[in-house]
Structure formats: structure tokens, C-alpha cells
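> If you're matching them up, the sequences are chains A and B in order.
Add 101 to the 1-based position in the first sequence for the numbering used here, that's all there is to it.
Add 77 to the 1-based position in the second sequence for the numbering used here, that's all there is to it.
Glycine included, every Cβ here is placed at the ideal spot set by N, Cα and C.
Starting off with a structure, shown below.
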Amino acid sequence: MMAGLSIAITLLLVLLLAKPAGLYLYRAYSLEPTGLDRVFGPAERLIYRLGGIRPGSQSWKAYAAALIVSNGVMLLLVYAVFRTQAYLPLNPSGIANMEPRLAFNTTISFMTNTNLQHYSGESGLSYLSQMIAIVFMMFVSPATGLCAAMAFMRGLAGKPMGHFFVDLVRSITRVLLPIAFVLALVFVALGVPQTLEPSAAAQTLEGGEQTIARGPVASLLAIKELGNNGGGHMGVNSAHPFENPDAISNLLQMLLMLLVPTALPFAYGKLVGNPKQGRVLFVSMALLFVVMLGVSLTAEQEANPAIAALGYDSGQGSMEGKETRFGVPQSALYSVVTTASETGAVNSMHDSFTPLGGMVPLMNMMLNTVFGGSGVGLMNVLLYALMAVFLSGLMVGRTPEFLGKKLEGREMKLIALTLLVQPALILLPTAAALYAYPDTISNPGYHGLTQALYEFTSSAANNGSGFEGLGDNTPFWNLSTGIVMYLGRYVSIITLLAVAGSLAAKKAVPETIGTFRTDSATFGAVFLGTVLIVGALTYFPSLVLGPIAEQLTLKP
Amino acid sequence: MQLFASSLRISLVLMLLCGVVYNLAATGIAQTLMPHRASGSLIEEDGRIVGSELIGQTFTEPRWFHGRLSSIGYAADGSGTPNYAPSNPDLLERARQSALDWQAANPDVPLSEVPLDLVTNSGSGLDPDISPQGARVQIPRVSAATGIPQAELEQLVERHTAPRRLGLFGEPTVNVLELNLALREAASK
């Protein structure tokens, strides 16, 4: 009862924040001068001068090139930090340099907004690495995603593309940095540590020794959630009491994760000059979200039948891998939020969820359209929207149009390519892993397949949560998921920018009575149908072999 | 080449801003305004650290209230769980063993009153809390081991029960370390 009410209030808060945040985003990236320039202009001009940047508008190719090259430079810088952290300052716990293949994986993981972690934060990274490598990337990675989304939306709206570095800097100065800074301090007030002191040594009540790892956690935590990054300071992420001390910090984390992804549809509606275009996408995604949440809550409310049969009071539901302060409802909600927003933070162990409870995060990542991550989520949603328009066009035998531009062969080829890449990145390596490296899988039976499937789905969708029982710090997993994360991120960004560039260059066709409207409830239904049909056709067989088979075999 | 150079320059500037300035400013303000919280909410007694309010620790003797199962033995230099799938036979084996252990240590309390948080591994392996019911079912054992009357222990548990946040969010909890610190004080009276 209380749980239901608390979830309803959480979702209501998300709803209340989404529209104002979306309008703010629209203003923050405006190509025209706005009042925000007075506040942020001086700092931004200083950064442009230090960075040697001359603002202006770029072609889609120049924009994409700047995105890829700058991200590449950042990858090299951070890789260098990981490989030399033992020699660098701020390493009070004496942590060694990171092994090359693990550093390869970790660097790509954070640059691509995935934050898959094959190391453990407490023992694998110095405080300096946490700060100038991890936190740095936690800012620039979602900033890059936001840039891509803004450029894509401008292209669809037939506006100039903008300038990558200007968008990048604005993402940080106007959106990510101010919000993260305030929230970091709020998190400290709730109990999250923020210190450069080494681990504390405690003498326990029973007379044992306890070493308590801590560090600059709060500043990392704020941007981890706001930027849909998801990588934790601590190994168990937001299940760790230092990284999520109570239900209020838990609530704030969920609001932060959903802030940008739910705001973007409204920014999009404003940008294309028709708020209904954004609203219909928002409502469609919210429907998917509610359905997923319902399945997850129902599944997790049930205790493991085999354990319940031993005679315990099983009223709490599936408690293995969950924290007492969150219980089942807040854990299930968090798992849906973190995968819908492609964040990847966890406050409970998805590996130990009931099979169907664990399938929901997996499906969220496979569909990758239930809001989705910073910027790229909306791009993926618009990809499906374009697909839906195309399919509708085929059915009535008319050249499909989107926002007054004709969708033709070139765009549809790019879209089809993008749609094919993700399942290829998930299913092929999963099959390879099951065949060649079954020894890295920790749980027997059908669940083992789900573990491998989850890892590659999470990588390809740039989510970063995991079924963490997987023995994933091996050369195979480090290299394979590294490549999957890289391609999962950049292929779709480039192809979709190309689509936007191509559409922007076309002449607008006048709207007629025969135009298929993309701002109506009908379109919302077609959009949802497209998402579900494409998703089901692609992934249903693997879900049957994994979580569904496991659920059917659970017996008391 | 020009793109590469400006990429490098802007990356270094942003690394300085987001990596160094942001983190150090947050650390400085947090340490000045909220030193206890920012340093890990440590509990000190006579200048010695006995633990953190937020981090659980191992209790095995019958005279203490016990926390949740931890496959890492509450070693807080790390964190982790066994990540058992619900179908994992090892999980069932552990749950069976927990049932036997419970019956041996708490002959007066039937399994049907034992909530699942007492026999499952937490997410972090460091969970500082148990449910209020999880504390109450341990009262007969703790009372027998310490000689403190059950009624007094019930009051103690009541006092250390934290409600849902804002009356709504999360679950009611009992912080095991703080409860045991209070228990020790009660026992020394």
C-alpha cells in the first residue's frame, strides 16, 4: 500500500519535472542568443578560448567527425591515466596500474556512456583515476550524447546542425555541472562520503578488524545518475550503503536518471515547432515503462518458491541480493528506471532477481526505446518513429514523410543498417561466449545463458548493468564487450546524423489531407507496434531460452 | 590535424574542470559543512573507530543481534554478493543450512516467523539493517544470552526502528550496529 503510493509519487515527480526540464534543454542549446548567455557566456567564452574553438555551424560530416575525433582523444587520455595510476598522485591506498585489456574495456565503457565495470572500484582505481578519468568521462560522455541528439533533432527540423564543441561545452556548463554539483552536496548530507582520506580502520564490537573503503563518492554519484552513466564508485554500485544510504537518496537517484531522458521529447517537440510531436512519443514510452514496472513488481513480490517452501515467513518477496532499506518495491522500481534510462546503476543484484523480474531490465535494454540514455535514447526512439512512418507509408502506398520531408531509399538504408547492428552485436557474441567460454558463467542452466545475453545486451545498449555473477574480467570478455560497446555507441550516432543531414538538405513538401500525421494517438499506437514487433521478432527466441525457461523450471 | 589539436585542448580543459575543480570543490565544501557525513559517518568511542553508522559488521555470538548474510563477511574494503540465480542449487543449499542453524540457535522461535531478510544475502554484503521483524524474532535468544528481560529488549528494538522515510519511501529498518551498541550499554548496567 505504502509502496504503491511511494511509487506513484515518484512517477508523478518525474512527470512534473519532464516538461520544464525539456523547455530548459531547448533554450540551453538554442542557436539563437538567449538570456542564458548572460549567465553562462563568460565561462563558456573562456573555455572556447582555452580550447581554441571558433563557434559557427558545421555540416553533419564535420559535426560527426568532431564527435568521433574528440571522443577518441579522450579515450587515449583516460587510457593513459589508468595505465599509470600507480605513479600518479592521490593514490593513498597504493593501487596498482590497470592491466591493458581491462583498461581498454574500462576506457571504452566510460566513454560510451555504458559504465560496464569489470574492475571493482574500491580496489581497482586510485582516487585520482576516479576523479580525472571516471568522473571526467561521466561528464563528457552524456554531453556527447546530448550533442548528437541536438544535432539530429535540428536536422529533422531543417535547421543548421550547430557546432559540436559549442554543444559539448554547453552540455557541461548549462546542464550537467550545475545540477551535479548541487546534488553532490545533497547526497553528502544524506550520508554519502566525499573525502580524499584513505580507508578507515575500525575495531568491530566482536573484536574483529574492519577496513572501510570510502572516497570522493558523492561527486561521482551525482553525475553517475544525472548523466545516465551508472558506473559506481563502489563495486556493488548503489546497493552499497555509502552510495545509496537511504530511501531518499534512492528517490533522488531515480529522479536524476529520468530527468534528461524524459525531458528530451519535450525539447524535441519545441525544436520542431510542434509540442504534440514530442508528447505522443513521451506518452508511448511512458506506457511501455508502466507495463514493464508492473511485470517487475509482480514478479519480485513473489519469494523464491524453493526457499519459501522451507517454511520461512516469505512475505517480503524475493530478498536475495536486495537491501533491507529498499525492500522489493524500491528495488524493482530502480531496476526498471536504470534500464529504461540506460543508466546501469543498480541498487540490488539483477542476477538474483526472479527470472521474470530479471527479464524486464533485459527487455528494456533490448528495446532501448523506453526513454533511453542521455540524448542517444531519443535518437533511437526517433529511429523507430521513422521506421513506423515508413511502414505506414508502405501500407497505404504513399511515399512516407516525416516532419514535411520525404523519407527515401538513402535514409531507409541507413535506418535499416542501424536496426540490424544492435541484434548482431548482442546475439552473435552471446552465442560465441556460450560456445567458447562456458567456464566464465557462474550460474548453471538456463540462467547461464541469460547471464551472457545480459552482458552483451547491456554493452550494445550502452547500459552497463550486469548479471554480476559472470566472471567477466577475462581477456575474452574485456575485448569482446569493449568492441561491442564502441560499435553500439558510434555506429548509430553516425548513421542517424547522416539521416538528419540528408533530411535537412531536402526541400519540405507541403502537408496535405493525405499526409500521415505523426502527432496523433494513432501514430503513437503504430510507433509502439513497431517497437514491439521489431523487438519481439529479434529477441523473443533468446528470452524463451533464458529467463522464461528458468521461470518455468522453478519449483518448490 | 586542427581538429585533433582542438580536441586535445578542449579535453584537457574539461578534464581540469570536471575532473579536478568539480571534485575538489565538492570535497572542500562537504568537508567544511558536513565533516562527519563526508568522512563516512564513522562511530568513535574513546578515540577509537568502532565502525560506520552505514556499514554492517559481523555478529555471530548469541548475545548480539545478527545482521543479514554476507558472503564477504562484511569486509568493507570491498563489497559483493554471490549473485545466486533463483534456480541455483547452491542458493537452496544455503537456505536449507540457514534453517537448520536457526532452529539450533533459536529453539523457541519457529521458522514461520523468520522473515526472509535474515536468511538472504544482501545486495552489498554490507547491509547495516534488518527488518523490525527480523530483530524481534531474535529477542528470545538475545535475552537468554544476556539476561536482559525480553520486554526491555522489545523497547530497545522499538527505539531503534527507523520508519519509512517521510512515512512513505523504502522500508522500516533496524540498524544492527546501533542496536547492539545500545544493547551493550543496557547489559553493562
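What number of angstroms, rounded off, separates the C-alpha of A:V361 from the C-alpha of A:E307?
Each residue's alpha carbon lies about 47 angstroms from the other.
> Could you compute how far the alpha carbon of A:L515 sits from the alpha carbon of A:L604?
Computed Cα separation, rounded: 12 angstroms.
> So that I know if they touch, is there some Cβ in chain A lying closer than 8 angstroms to that of B:L256?
No, no contact with chain A.
> So who's on the other strand from A:F503, going by DSSP bridges?
DSSP output for A:F503 lists A:K506 as bridge partner(s).
> Helix or strand or just coil, what does DSSP make of A:F617?
Coil at A:F617, not helix or strand.
> Closest to A:L217 by C-alpha separation, out of A:A609, A:L638, A:M586 and A:P648, would be which residue?
Per the Cα distances, A:M586.
> Classify A:V497 as buried or exposed, calling it buried when 16 or more other Cβ atoms lie within 10 Å of its own Cβ.
Classification for A:V497: exposed.
> Please go through the same chain and pick out, in chain order, the residues whose beta-carbon is closer than 6 angstroms to the beta-carbon of A:D573, but skip the five residues on each side of it.
Excluding residues within five positions, the ones whose Cβ falls inside 6 angstroms are H219.
> Short of 8 angstroms Cβ to Cβ, which residues in the stretch 149-167 of chain B face chain A?
The stretch 149-167 of chain B vs chain A, Cβ under 8 angstroms: Y151, A152, A153, D154, G155, S156, G157, T158, P159, N160, Y161, A162, P163, S164, N165 and P166.
> Identify which residue in A:A537, A:L484, A:H548 and A:L492 has its Cα closest to the Cα of A:Q523.
It is A:L484.
> Return the chain-ordered list of same chain residues with a C-beta closer than 6 angstroms to the C-beta of A:L457, the five sequence neighbours on each side being excluded.
Only A400 and Q652 meet the Cβ criterion.
> Could you tell me if A:F503 is buried or exposed, where buried requires 16 or more neighbouring beta carbons within 10 angstroms of its beta carbon?
Classification for A:F503: buried.
> Quick one: give me the first and last residue of the beta strand (DSSP E) that B:S129 is part of.
Counting along the chain, the beta strand (DSSP E) containing B:S129 begins and ends at R125 to S129.
> Using a Cβ cut-off of 8 angstroms (strictly closer), state whether B:S267 contacts chain A.
Absent from the model: residue 267 of chain B. The displayed extent of chain B is 78 to 266, so no value can be given.
> Between the stretch 159-178 of chain A and chain B, which residues of the former have a C-beta closer than 7 angstroms to a C-beta of the latter?
Here the close residues are A166, A167, V170, S171, V174, M175 and L178.
> Beta carbon of A:V283, beta carbon of A:V318: below 8 angstroms?
Cβ atoms of A:V283 and A:V318: not closer than 8 angstroms.
> On a Cα-Cα basis, can you pick out the residue from A:S320, A:L226 and A:Y188 that is closest to A:A204?
The option with the nearest alpha carbon to A:A204 is A:L226.
> Just list the residues that DSSP pairs B:N198 with in beta bridges.
Answer is B:L146, bridged to B:N198.
> Would DSSP call A:P462 helix, strand or coil?
If DSSP states are grouped into helix, strand and coil, A:P462 belongs with the helices.
> Mind checking whether A:G309 and B:T197 have CB atoms under 8 angstroms apart?
No, these two residues do not count as a Cβ contact at 8 angstroms.
> What is the residue span of the beta strand (DSSP E) that A:T215 lies within?
That residue, A:T215, is in no beta strand (DSSP E); it is neither H nor E in DSSP.
> Which residue's Cα is closest to the Cα of A:G331: A:F141, A:T551, A:I154 and A:G565?
That would be A:G565, whose Cα lies nearest to the Cα of A:G331.
> Assuming the contact rule is C-beta atoms closer than 8 angstroms, B:G144 and B:V219 should be a hit. Round their C-beta distance to whole Å, please.
Incorrect: roughly 13 angstroms between the Cβ atoms, too far for contact.
> Going straight from the alpha carbon of A:T519 to that of A:I634, what length do you get?
Looking at the two C-alpha atoms, the distance is approximately 16 angstroms.
> Per DSSP, what are the beta-bridge partners of A:I110 in this structure?
Paired residue(s): none; A:I110 is not in a bridge.
> Do A:S449 and A:S432 have their beta-carbon atoms positioned less than 8 angstroms apart in this structure?
Contact flag set, yes.
> To be precise: take each residue of the stretch 334-350 of chain A, compare its Cβ to all Cβ atoms of chain B, and keep it if any distance is under 7 angstroms. Which residues remain?
Residues passing the 7 angstroms Cβ filter: M335, G336, V337, A340, H341, P342, F343, P346, D347, A348 and I349.
> Whose Cβ in chain A lies nearer than 9 angstroms to the Cβ of B:L233?
Neighbours of B:L233 on chain A: none; closest Cβ ~15 angstroms, over 9 angstroms.
> Please compile the residues from chain A whose C-beta is within a distance smaller than 7 angstroms of the C-beta of B:D194.
Near B:D194 (Cβ distances below 7 angstroms), the residues of chain A are Q417, M420 and T425.
> Could you tell me which chain B residues have their CB closer than 8 angstroms to the CB of A:I666, listed as they occur along the chain?
Residue 666 of chain A is absent from the model: chain A starts at 102 and stops at 657.
> Kindly indicate the opening and closing residues of the beta strand (DSSP E) around B:V90.
Where B:V90 is concerned, there is no enclosing beta strand (DSSP E), although the alpha helix (DSSP H) it sits in stretches over Q79 to L91.
> Does the Cβ of A:I614 have 16 or more other Cβ atoms within 10 Å, making it buried, or fewer, making it exposed?
A:I614 is exposed by the Cβ-count criterion.
> Our contact map puts A:M393 next to A:V471 with C-beta atoms below 8 angstroms; I'd like the distance itself, whole angstroms only.
That belief holds up - the Cβ atoms of A:M393 and A:V471 are roughly 6 angstroms apart, short of 8 angstroms.
> Relative to the C-alpha of B:M78, which candidate in A:S560, A:S171, A:G428 and A:L297 has its C-alpha closest?
For B:M78, the nearest C-alpha among the options comes from A:S171.
> Can you tell me the Cβ-Cβ gap for A:T440 and A:P462, rounded? I've got them flagged as a contact below 8 angstroms.
With 8 angstroms as the limit, A:T440 and A:P462 qualify as a contact, their Cβ atoms being about 4 angstroms apart.
> Alpha carbon to alpha carbon, what distance is there between A:A601 and A:L550?
One C-alpha to the other measures close to 38 angstroms.
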